[in-house]
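Here's the structure we're looking at; comments come further down.
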Amino acid sequence: MPVDTKRVRGPEESQSPLLFLPSIAKKSVAAERGRQDGRRRGQADVRPVFARCGLVSQAKGSAYIEAGNTKLICSVFGPREAERKDEAGASSGRLLCDLRFAPFSCPNRGAWIPSSEDKDTAQGLLEALRPGVRLHRYPRAQIEVNVLVLENDGSALAHAITCASMALADAGIEMYDVVLGCSLRLDGNSFLLDPTLQEETAGEPGAQGSVTVALLPSLNQVSGLQADGDMREDTLAEAVRACMEGCHKLYPVIQRALLRAVHKRASPSES
Amino acid sequence: MAAGLMRLPVFRKQETVSESNEKHLVVPGDVITSDTGFMRGHGTYMDEEKLTASVAGEVERVNKLICVRPLKTRFYGEVGDVVVGRITEVQQKRWKVETNSRLDSVLLLSSVNLPGGELRRRCAEDELAMRDYLQEGDLINAEVQSVFSDGALSLHTRSLKYGKLGQGVLVQVSPSLVKRQKTHFHNLPCGASIILGNNGYIWLYPTPGQQDEEAGGFHTSMEPVSLPDREVISRLRNCILALATHKVMLYDTSVLYCYESSRPHEIKDLLKPEVMEEVVMITRQRLVEQAG
Amino acid sequence: MAAVQVCEAEKVYIMHGVRDDLRVDGRGCEDYRHMEIETDVVSNTDGSARVKLGYTDVLVGIKAEIGKPKPAAPDEGYLEFFVDCSANATPEFEGRGGEELGSELSCTLYKVFNNVNSLELRALCIAPREHCWVLYVDVLLLQCDGNLFDAISIAIKAALFNTRIPKVTITEGEEGGAELELSDDPYDCVRLNVENVPCIVTLCKIGHRHVVDATLQEKACSVAGLLVSVTHKGTITCVRKVGGGSLEPESIFEMTETGKRVGKALHAPLMKLLRDEEAQGKQRQKVGFLG
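Chains as they are written, first to last, in UniProt numbering: chain A, 1 to 271; chain B, 1 to 292; chain C, 1 to 291.
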């Protein structure tokens, strides 16, 4: 996205009015036994997912995914001749990942220029996708993956992983397996699988953590793992297992969406 | 585990060069002589009729020729040197080899022994299959065949003792620490073999059984090396590093003495500076005793 | 990272060695290399430390400055991390070469400290919504020989221990506003409680086992690794998969278990060493960069 540096972009420093809101919402989540959207705590209860391939006609492959209010779009370009040639690129291809949050995707307005945290999320996406793609089949080439978060209502990275792997599959890139992502929020002693943005930010301080797992479901390999927060080792193991279960719940939906895209492309005479 | 591994740094006394040492040491810009009767050699230049050093090192005089030999340097190859190197590039009819010298060395396809005996003719297929013999990253040992005018080395492996290296450990030290000897290949009595490359690359490997002559040195065994062999190799590696840190010349006897004096210590303890110092001191004493 | 080439046969040798619990340099799978730690090495900082791990050499300087608290946390100070990959370490860092690695390292450090327990951030607050201490943690890589994360985290913990923040008192100004007054006694300062600061343990999967404190050669043999940051109580504050490969779920559990055990054991000797060093006070001979 180009940034117009000459345009006056309002005062140097501005803050979202939400900060001045008395924090009522913070307690309500913790107090309830269940969750606001009716899902259960500690269960592999993911939000219903809507996924579709091939929305961006200009891209080699693309996908759109919607989970609750989290909405993402991903397009894949390439493989094409690599721009930067280094020694490592000679035998296998390069995968480039870009992940951006639209400025209006979060309650607080973001900047168009990705912050270092966004870059880090993109790095997480890259590391989760790379084991799934058969890059050695594309020597000297590069594949670009661009993810745009239109609306962020929690678990953005996890859904970005799923969305990007669908787009890669849609682009006809060779892959070992699809890559599925799932996040989890640790709140006190219970899990909130596939948390919403409110659940991600709320809760008592000191007893939280978040875990994101990327899974290659049919090979049963974990391709990405990120965890923050203060947690015990057995809690972490349990959280990883719960995320893997969440990924398996997503698997049939994604498979069906991909199959539908393949059917659509197949010549109509056969059907 | 971690206990005893962390510590404060301590001053280690530098091994000072005694002033009475007759070695003539210079730094760049030092006037060696203003006598015009001498000839200008490597590491020197003429400045207003005065012979001046251009590198830090030791002055060497051969009759009328004055050279300065730098003490820390890259490898200056000479014909006949044994080197250990790593393939960096496969080109048409030749490999580029990294040998710690200023420029990458060259190994021509015509200077290797291909499988099938010495008298085999090279054909176009061999040129295409070059990467099957040696690919990027492979280690080889070779001999310097000739030196090009720009200082690059041309290597050859036309002997059964040269060729591709298999399983083992590479240790890199300064080339000036490797003592020139009649042979640089040793089967040490402690159970491992060593190639002391003149370029400061030292290869440690398990002593091979009988050689398979047909393979022409391109076949490498991927069989696991036994644990006792590994222990010997790891100990040797740490010994060589200890000797190199304390600037002891490396040759079969010094390595072997160091190995023997390190026996009371565990292998991983040899990474500690004070153990290194102790082991090297004992080695030095033994070497002096033997010489005297 | 500095590229090290390792050929197939060497890889096989290293892999079998890891299987037999005897690595190339004689260490076992869970052994660290020799480590040297010194604090208070740079005089212009509020706290500094230098850690040498094998040939890896890391220098950390901490500077405290007064800033405005973040609106999201009005009663807390905050930390800023910056990792500089100096071209001194390896020519590949020249120009912008080290930028990618530097930002990866600093992002990970933010994640590691992104929880309430690691450091008492409230203690860094001077006046809520108005003034707080900002600790700039600058990491300099002087030499790279593998396992940067672990060395950096240990150096940061040591530097934070060494940090002394001058005491600030708030007085009523002439025009009614609050005024900050810095104590001019250099010994009148605040220390940080570093008990809970985590250390990072990087585990590299080689063959079917995993090793800690991998050298560059060993790292070249590993396709995937796990970075675990562990506190002295054995809780885990951050986990990340690193490298281009994937891991089996079982090995992830094994690796976090090892990471926790090894990481937990790092803290006690580190704290003991830091206290000993402090106890020696002025009598200690500083080694600095001459060692």
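Note that the Cβ used here is the ideal one computed from N, Cα and C, for glycine as well.
{"Check": "Could you tell me whether the region 68 to 78 of chain A touches the region 207 to 218 of chain A, where touching means 3 or more Cβ pairs closer than 8 Å?", "Outcome": "no"}
{"Check": "Whole angstroms are fine: how far does the CA of Leu114(B) sit from the CA of Glu214(B)?", "Outcome": "Because Glu214(B) sits at a pLDDT of 45, beneath the cut-off of 50, its placement in the model cannot be relied upon, and the following sentence gives the value as read from the coordinates. Between Glu214(B) and Leu114(B), the C-alpha separation is close to 10 Å."}
{"Check": "Nearest to Ser54(B) by alpha carbon, out of Ile32(B), Asn187(B) and Met222(B)?", "Outcome": "Ile32(B)"}
{"Check": "For the region 141 to 156 of chain A, which residues have a beta carbon sitting closer than 8 Å to at least one beta carbon of chain C?", "Outcome": "none"}
{"Check": "Pick out the complete alpha helix (DSSP H) segments inside the UniProt domain \"RRP4 S1\" (74 to 146) of chain B, 4 residues or longer, and give them in chain order.", "Outcome": "124 to 128 and 130 to 133"}
{"Check": "What's the gap between the Cα of His265(B) and the Cα of Asp213(C)?", "Outcome": "22 Å"}
{"Check": "Could you list which residues in chain A have their beta carbon closer than 7 Å to that of Leu79(C), in chain order?", "Outcome": "Per Cβ cutoff of 7 Å: no residues; Leu79(C) is ~14 Å from chain A at best."}
{"Check": "Which residues in the same chain have their Cβ closer than 8 Å to the Cβ of Pro195(A), if we skip the five residues on either side of it in sequence?", "Outcome": "Gly154, Ser155, Ser183, Leu184, Arg185 and Ser210"}
{"Check": "With a threshold of 16 other CB atoms inside 10 Å of the CB of Phe77(A), please say whether the residue is buried or exposed.", "Outcome": "buried"}
{"Check": "Going along the chain, which unbroken runs of the beta strand (DSSP E) with 3 or more residues stay wholly within the UniProt domain \"Exoribonuclease phosphorolytic\" (177 to 242) of chain A?", "Outcome": "180 to 187, 190 to 193, 208 to 216 and 221 to 231"}
{"Check": "Does the distance from the C-beta atom of Gly80(B) to that of Val144(B) stay below 8 Å?", "Outcome": "yes"}
{"Check": "Since Ile219(A) contacts Tyr251(A) with CB under 8 Å, what's their CB separation in whole angstroms?", "Outcome": "Before going further, note that residue 219(A) is Leu rather than Ile in the sequence given. So it is not a contact: roughly 12 Å between Cβ atoms."}
{"Check": "Can you check whether the C-beta of Val240(A) is within less than 8 Å of a C-beta belonging to chain C?", "Outcome": "yes"}
{"Check": "Hey, out of Pro273(B), Thr253(B), Asp150(B) and Ile87(B), whose CA is closest to Arg131(B)'s CA?", "Outcome": "Ile87(B)"}
{"Check": "Is the Cβ of Asn238(B) closer than 8 Å to any Cβ of chain C?", "Outcome": "yes"}
{"Check": "So Cys29(C) and Val211(C) are in contact, right, with Cβ under 8 Å, and what is the actual spacing, rounded?", "Outcome": "5 Å"}
{"Check": "Starting from Ser261(B) and walking both ways along the alpha helix (DSSP H), at which residues does that stretch end?", "Outcome": "Asp252 to Ser261"}
{"Check": "Please list, in chain order, the chain C residues whose beta carbon lies closer than 7 Å to that of Asp138(B).", "Outcome": "Cys7"}
{"Check": "Have a look at Glu277(B) and Asn141(B) and give me their C-alpha separation to the nearest angstrom.", "Outcome": "31 Å"}
{"Check": "Output yes if chain C places a C-beta closer than 8 Å to the C-beta of Glu231(B); else output no.", "Outcome": "yes"}
{"Check": "Do you know offhand how far Arg286(B)'s Cα is from Ala192(B)'s?", "Outcome": "22 Å"}
{"Check": "Identify, in the order they occur along the chain, each residue of the same chain with its Cβ nearer than 7 Å to the Cβ of Pro28(B), setting aside the five sequence neighbours on each side.", "Outcome": "Ala53, Ser54, Val55 and Ala56"}
{"Check": "Are Val223(C) and Gly243(C) close, meaning C-beta to C-beta below 8 Å?", "Outcome": "yes"}
{"Check": "Alpha carbon to alpha carbon, how far is Cys106(A) from Leu99(A)?", "Outcome": "14 Å"}
{"Check": "Hey, out of Thr215(C), Thr163(C), Met15(C) and Cys85(C), whose CA is closest to Gly146(C)'s CA?", "Outcome": "Thr215(C)"}
{"Check": "Classify Arg47(A) as buried or exposed, calling it buried when 16 or more other Cβ atoms lie within 10 Å of its own Cβ.", "Outcome": "buried"}
{"Check": "Using only the alpha-carbon positions, how far apart do Ser221(B) and Val12(C) sit?", "Outcome": "10 Å"}
{"Check": "Please name the residues in the region 24 to 44 of chain C whose beta-carbon is closer than 7 Å to at least one beta-carbon of chain B, in chain order.", "Outcome": "Val24, Asp25, Gly26, Arg27, Glu30, Asp31, Tyr32, Arg33, His34, Met35, Glu36, Ile37 and Glu38"}
{"Check": "What residues in the region 236 to 263 of chain C have a beta carbon less than 8 Å from any beta carbon of chain A?", "Outcome": "Ile236, Thr237, Cys238, Val239, Arg240, Lys241, Val242, Gly243, Gly244, Gly245, Ser246, Leu247, Glu248, Pro249, Ile252, Phe253, Thr256, Glu257 and Lys260"}
{"Check": "Excluding the five sequence neighbours on either side, which residues of its own chain have a C-beta within less than 6 Å of the C-beta of Ala171(A), listed in chain order?", "Outcome": "Lys60, Gly61 and Val76"}
{"Check": "Ile170(C) and Leu182(C): beta carbons closer than 8 Å?", "Outcome": "no"}
{"Check": "Within 8 Å (strictly less), CB to CB, does Pro128(C) reach chain A?", "Outcome": "no"}
{"Check": "Within 10 Å of its beta-carbon, does Asn100(B) have 16 or more other beta-carbons around it, so buried, or fewer, so exposed?", "Outcome": "buried"}
{"Check": "With distance defined between alpha-carbon atoms, name the residue in Val68(B), Leu128(B), Val279(B) and His42(B) nearest to Arg94(B).", "Outcome": "Leu128(B)"}
{"Check": "Inspect the beta-carbon positions of Glu233(A) and Glu257(C) and report whether they are closer than 8 Å.", "Outcome": "yes"}
{"Check": "Going by DSSP, what residue range makes up the beta strand (DSSP E) through Val194(C)?", "Outcome": "Per DSSP, Val194(C) belongs to no beta strand (DSSP E) and is neither H nor E."}
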